[in-house]
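Heads up: the sequence shown begins at 29 in this note's numbering, then just goes up one per residue.
All C-beta atoms, glycine included, are put in the ideal place defined by N, C-alpha and C.
First up is the structure itself, then whatever we jot down about it.
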Amino acid sequence: SLGFERREGLPVDFSKALFVRVIPKMSRTSYEIEFGKWEKVFAFLLNQGIACVLLESEDSDELAEQLSYLQSQYPNFAKNMFCLAEGNTVGTLLNAVTDNQYIAVRCLVVINPTDEITQPEASTDTWFLGILPNRGVNPSILSSLINRVRLNRGSNFVYHSRLSGLIHQDSS
């Protein structure tokens, strides 16, 4: 036994990371439907020792407050934070965490951003993955994604310089 086992239903004292799925403010019913869509992913991540949360916010200030609260009040969970946003919420997430000294995010995943990607002022340790549709990508959004990836790859470490900024074009 490695000491990782626990009985189901007992409180968890720590996690390897915290996965944050950012969504826009919505009704309670819509929130429950969205949570249902992510339930299997959350179950898989929980089995890997990764805590999960579905955060809704109206704007980047509210999201920054929520993320900062999680990191200050739950450091055993939010030390390694991985955030995912899609569509309109990409801008909200990036505005909340870019150049914010109070929020430490390990990885940002953005899917089909609707606006240009916010660029940090300097190279960052945050890993970045942009996922785009197969066609119909606005050239200015693509250009901003490429710039973000280049900035993320500005590291002296081989592994980090090659993989810390990626763009994936969805084939579906």
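**Message:** Distance check for L173 and L157, CA to CA, integer angstroms please.
**Reply:** Counting from one through the sequence shown, the residue named residue 157 turns up at place 129. Counting from one through the sequence shown, the residue named residue 173 turns up at place 145. Distance between the alpha carbons of L157 and L173 is about 9 Å.
**Request:** With DSSP collapsed to three states, give me the class of A150.
**Result:** Position 122 of the sequence shown holds residue 150. In this structure, A150 counts as coil in the three-state DSSP scheme.
**Request:** Pick out whichever of N75, D89, A113 has its Cα sitting closest to the Cα of L82.
**Result:** The count along the sequence shown starts at 1 and reaches residue 82 at position 54. Cα-wise, what sits closest to L82 is A113.
**Prompt:** Would you call the CB atoms of S88 and A45 closer than 7 Å?
**Reply:** Against the sequence shown, residue 88 aligns to sequence position 60. Against the sequence shown, residue 45 aligns to sequence position 17. Result no, Cβ atoms of S88 and A45 do not sit closer than 7 Å.
**Item:** Buried versus exposed call for E36 [16 or more other C-beta atoms within 10 Å across all chains shown]
**Value:** On the sequence shown, position 8 is the one that residue 36 refers to. Its pLDDT being 48, under 50, E36 is placed unreliably by the model, and nothing is read from it.
**Request:** Determine the DSSP secondary structure at P52, reduced to helix, strand or coil.
**Result:** In the sequence shown, the residue the question calls residue 52 occupies position 24. P52 falls in the strand class under three-state DSSP.
**Asked** What separation, rounded to the nearest whole angstrom, lies between the Cα atoms of E60 and T152?
**Response** In the sequence shown, the residue the question calls residue 60 occupies position 32. In the sequence shown, the residue the question calls residue 152 occupies position 124. C-alpha separation (whole angstroms): 35 Å.
**Prompt:** Which of the three DSSP states, helix, strand or coil, is assigned to V137?
**Reply:** Here residue 137 refers to the residue found at position 109 when the sequence shown is read from its first residue. In the structure shown, V137 sits in a strand (DSSP, three-state: E or B).
**Request:** Could you give the DSSP three-state label for L157: helix, strand or coil?
**Result:** The residue labelled residue 157 in the question sits at position 129 within the sequence shown. Of the three classes helix, strand and coil, the one that applies to L157 here is strand, per DSSP.
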